[in-house]
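Everything below concerns the one structure shown next.
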Amino acid sequence: MKTVPFALSEGVLNLPGAVQDHSINVLKFADATLVITRAWDIPVGDEEQYLSQQLAKIKRNMKKVVLGPVVDSDVAGLPAREVALRFENQHVMVYEKLAVARVNDHLLAFTFSRMQPFDADADAFWTAIKAGLQPGG
Numbered sequence: 001m002k003t004v005p006f007a008l009s010e011g012v013l014n015l016p017g018a019v020q021d022h023s024i025n026v027l028k029f030a031d032a033t034l035v036i037t038r039a040w041d042i043p044v045g046d047e048e049q050y051l052s053q054q055l056a057k058i059k060r061n062m063k064k065v066v067l068g069p070v071v072d073s074d075v076a077g078l079p080a081r082e083v084a085l086r087f088e089n090q091h092v093m094v095y096e097k098l099a100v101a102r103v104n105d106h107l108l109a110f111t112f113s114r115m116q117p118f119d120a121d122a123d124a125f126w127t128a129i130k131a132g133l134q135p136g137g
């Protein structure tokens, strides 16, 4: 039986068949959190609608939401849409940057969250995160 390798932080899990990754990765840094999610079954051309739906959920679920403009961006050279926002969650102000890019047959969303406003160092860190993706086949 041919196995399919699936990389985990702890090592490689060899699976007995093909798998579609629906995982959510939560990565903690000293003063920020990066959440990586995948959205399958989003047709090409519906990326903007997906992003709008995600932002509508934030507006519905959080308080004092302030959205910046949605702008063109890139994730590892792939075309992306990005937005900076802030909101109150449990009486704490959260500052986020959200980028969505199509990687092969699905969307990959990066959400970078901090408890402080973005400054030059945080912006550089965010840029390095987006540039650090090495898309697979």
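Just so it is clear: in the sequence shown, position 134 is 134 by the UniProt record's numbering, and no numbers are missing.
We treat Cβ as the ideally placed atom computed from N, Cα and C, and that holds for glycine.
Residue range of the unbroken alpha helix (DSSP H) whose run includes residue i
i: Lys-2; result: Counting along the chain, Lys-2 falls outside any alpha helix (DSSP H), and DSSP gives it neither H nor E.
Residue i versus residue j - alpha carbon distance
i: Asn-89; j: Lys-130; result: 25 Å
i: Gly-11; j: Val-71; result: 37 Å
i: Ser-52; j: Met-1; result: 43 Å
i: Asn-104; j: Ala-56; result: 25 Å
i: Phe-29; j: Leu-13; result: 25 Å
i: Asp-74; j: Val-92; result: 29 Å
i: Tyr-95; j: Thr-3; result: 41 Å
i: Phe-110; j: Val-35; result: 6 Å
i: Gln-20; j: Trp-126; result: 27 Å
Segment limits, beta strand (DSSP E) that includes residue i
i: Leu-15; result: 11–15
i: Val-26; result: 25–28
Residue environment, residue i, which counts as buried when at least 16 other CB atoms sit within 10 Å
i: Lys-97; result: buried
i: Leu-15; result: exposed
i: Phe-6; result: exposed
i: Ala-120; result: exposed
i: Arg-60; result: exposed
i: Ala-18; result: exposed
i: Val-44; result: exposed
i: Val-26; result: exposed
Residues that DSSP places opposite residue i in a beta bridge
i: residue 139; result: Limits of the chain in this structure are 1 at one end and 137 at the other, which puts residue 139 out of reach.
heavy atom of the ligand SAH below 6 Å from residue i C-beta
i: Glu-47; result: Among the ligands in the structure shown, none appear at all, so the ligand SAH cannot be discussed.
Jot down the residue ranges of each uninterrupted beta strand (DSSP E) in the region 39–81, minimum 3 residues, whole runs only, in chain order. 63–67 and 71–75
Contained beta strand (DSSP E) runs [length at least 3] in the region 98–134, N- to C-terminal order: 106–114
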